[in-house]
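Here the structure is laid out as structure tokens; the discussion comes afterwards.
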Ligand code: 13P
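Residue numbers (our numbering): 197 to 452.
If you want it as structure tokens, here you go:
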């Protein structure tokens, strides 16, 4: 039986999509659709420049706000283009995604940089959502478990087990992101169990309370079977978070 802290979390990661007017419509529809919903936590992670607007639009709702990335630098300073964790809390964020595969593969973020961002987030009172996952080549070479374990271990080494009491992990197989291919519930569960097992080996209570999300082509039609798995505690949703109908269908699957 999962702990209360593992009430399903459905997080929408808009990536670099949306204009202000359409974002407003999207958020209004999502907010109306989840009003009064029980048994699900809803989080929206829009692009940086829309955070303040989304914060206003969701004010008074149960929806939480998150960012898609942050600087590993804490405080302020001469870091052109960077956004500090403190700035994110300042505009109403409670979560931030770190180590998304697109940050790792397109922008070259390393495990140690991801760990630094994870710690920078926590130092500013944000809950980091640590993304991990293997590429298709790695899966086909039988390296899935080693890759995912290595990504989690890098953060454990830097931040320590206690840090995971205030964190979320998202397993996002790279081959399933934006491709329409979804890990089968059994494939996802296997990796989620590995992740929880790593944490449990160090602290059983933290492991029992840890939310481990699945991401990779989650939609209304497949959310139910994924979320039915023991160690899948929610979804990190990309494409489907840009459609209120799809996103709400996922939220309904989570709350039922
Ligand atoms: P898709 O849902 O579009 O596959 O994206 C998943 C993802 O990367 C969420 O962070």
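In this text, a Cβ means the ideal position worked out from N, Cα and C, and glycines have one as well.
Since the structure is predicted, the reported quantities are computational estimates derived from the model, not experimental observations.
query, result
"Write down every uninterrupted run of the alpha helix (DSSP H) in the segment 391–450 whose length is 4 residues or greater and which is fully enclosed by it, in chain order.", "400–405, 416–423"
"So, using beta-carbon positions, are residue 320 and residue 285 closer together than 7 angstroms?", "yes"
"Is the segment 201–217 touching the segment 233–240 in the sense that three or more CB pairs, one from each, lie closer than 8 angstroms?", "yes"
"Output the boundary residues of the alpha helix (DSSP H) element that contains residue 216.", "216–230"
"Take residue 197 and list the residues in its own chain whose beta-carbon comes closer than 7 angstroms to its own, dropping the five residues that flank it on each side.", "Since pLDDT at residue 197 reaches only 48, below the 50 mark, its modelled position is unreliable, and the value read off the structure follows with that caveat. If we look at residue 197 and ignore the five residues flanking it on each side, it has no Cβ neighbours."
"Just to check, is the beta-carbon of residue 408 closer than 6 angstroms to a non-hydrogen atom of ligand 1?", "no"
"Give every residue of the same chain whose Cβ lies closer than 6 angstroms to the Cβ of residue 361, excluding the five residues on either side of it in the sequence, and list them in chain order.", "402"
"With a threshold of 6 angstroms (Cβ to nearest heavy atom), would residue 439 be considered close to ligand 1?", "no"
"Quick check on the contact list: which residues have their beta carbon closer than 6 angstroms to a heavy atom of ligand 1?", "209, 296, 368, 373, 374, 411, 412, 413, 414, 432, 433, 434, 435, 436"
"With DSSP as the reference, label residue 458 as helix, strand or coil.", "This structure cannot settle anything about residue 458, because the visible part of the chain is limited to 197 through 452."
"DSSP three-state label for residue 254, please.", "helix"
"Can you give me the Cβ contacts of residue 405 inside the same chain, cut-off strictly under 8 angstroms, excluding the 5 residues immediately before and after it?", "199, 201, 202, 361"
"Identify, in the order they occur along the chain, each residue of the same chain with its Cβ nearer than 6 angstroms to the Cβ of residue 248, setting aside the five sequence neighbours on each side.", "287"
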